[in-house]
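Here's the structure, in C-alpha cells; my notes come after.
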Amino acid sequence: MKRISFLFLITAWVLTFVSPSLLSAKVTDTRDIELRAKYGDKDLRSLLPVRAWIDNQTVYVSFLDSPETATVIITNGENGESVTTSFSSLKTVLITLGDKGKYRIEINYGTEVFEGNFNIK
Numbered sequence: 001m002k003r004i005s006f007l008f009l010i011t012a013w014v015l016t017f018v019s020p021s022l023l024s025a026k027v028t029d030t031r032d033i034e035l036r037a038k039y040g041d042k043d044l045r046s047l048l049p050v051r052a053w054i055d056n057q058t059v060y061v062s063f064l065d066s067p068e069t070a071t072v073i074i075t076n077g078e079n080g081e082s083v084t085t086s087f088s089s090l091k092t093v094l095i096t097l098g099d100k101g102k103y104r105i106e107i108n109y110g111t112e113v114f115e116g117n118f119n120i121k
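Take 1 as the starting number for the sequence shown in the numbering used here and just add one per residue.
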C-alpha cells in the first residue's frame, strides 16, 4: 500500500513539471475603454450607462438598459478605416479588429454620444 501511495505522489509531482499547461488557468488581456459622454458643445464628462472593454482584439460594448437603436463606430487612428455596427435590442455587442494600433470608439445611443480611445497591442 505504501508503494502505491508513493508511486501516486511521484506521478503527480512529475506531472506538475511536465505539463503545467494542464494545470494553469487561461490568462486574458481584458482592458476597459474609458468612455466619456459628449453633449453638444459642452466638455466631455464621465458617464456610465454604457461600458466598453477590449479582450485581445475583440471590442465589447454593453448597455445597462436595452437601447432602441445604437450605432458603434470604431475608427483606426493610423489609417482612418472605420467599422460601423448598428443594432437594436441587444445588451452586448462584440466587434473583432485585426490590426494593432490606436483606435477611437464612438457610441451613438438614443440622444447620447459616448467617445473613447484605446490601443490594440
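Just so it is clear, CB atoms sit at the ideal spot from N, CA and C, and this is done for glycine as well.
Quantities reported herein were computed from a predicted structural model and do not represent experimental measurements.
Where residue i falls: helix, strand or coil (DSSP)
| i | result |
| --- | --- |
| Lys100 | coil |
| Ser62 | strand |
| Leu35 | coil |
| Ser88 | coil |
| Thr11 | helix |
Residue i versus the options, residue with shortest Cα-Cα distance
| i | options | result |
| --- | --- | --- |
| Thr58 | Glu115, Asp32, Ser88 | Asp32 |
| Asn117 | Ile107, Tyr109, Tyr103, Thr111 | Tyr103 |
| Phe63 | Ile74, Thr75, Pro49, Ala12 | Pro49 |
| Thr111 | Lys38, Leu7, Ile54 | Lys38 |
Whole-Å CB distance - residue i paired with residue j, under 8 Å assumed
| i | j | result |
| --- | --- | --- |
| Tyr60 | Leu94 | 5 Å |
| Glu78 | Gly101 | 5 Å |
| Glu115 | Arg51 | No, Glu115 and Arg51 are not in contact; Cβ-Cβ is about 14 Å, not under 8 Å. |
| Thr69 | Ser88 | 5 Å |
| Ser82 | Ile74 | 6 Å |
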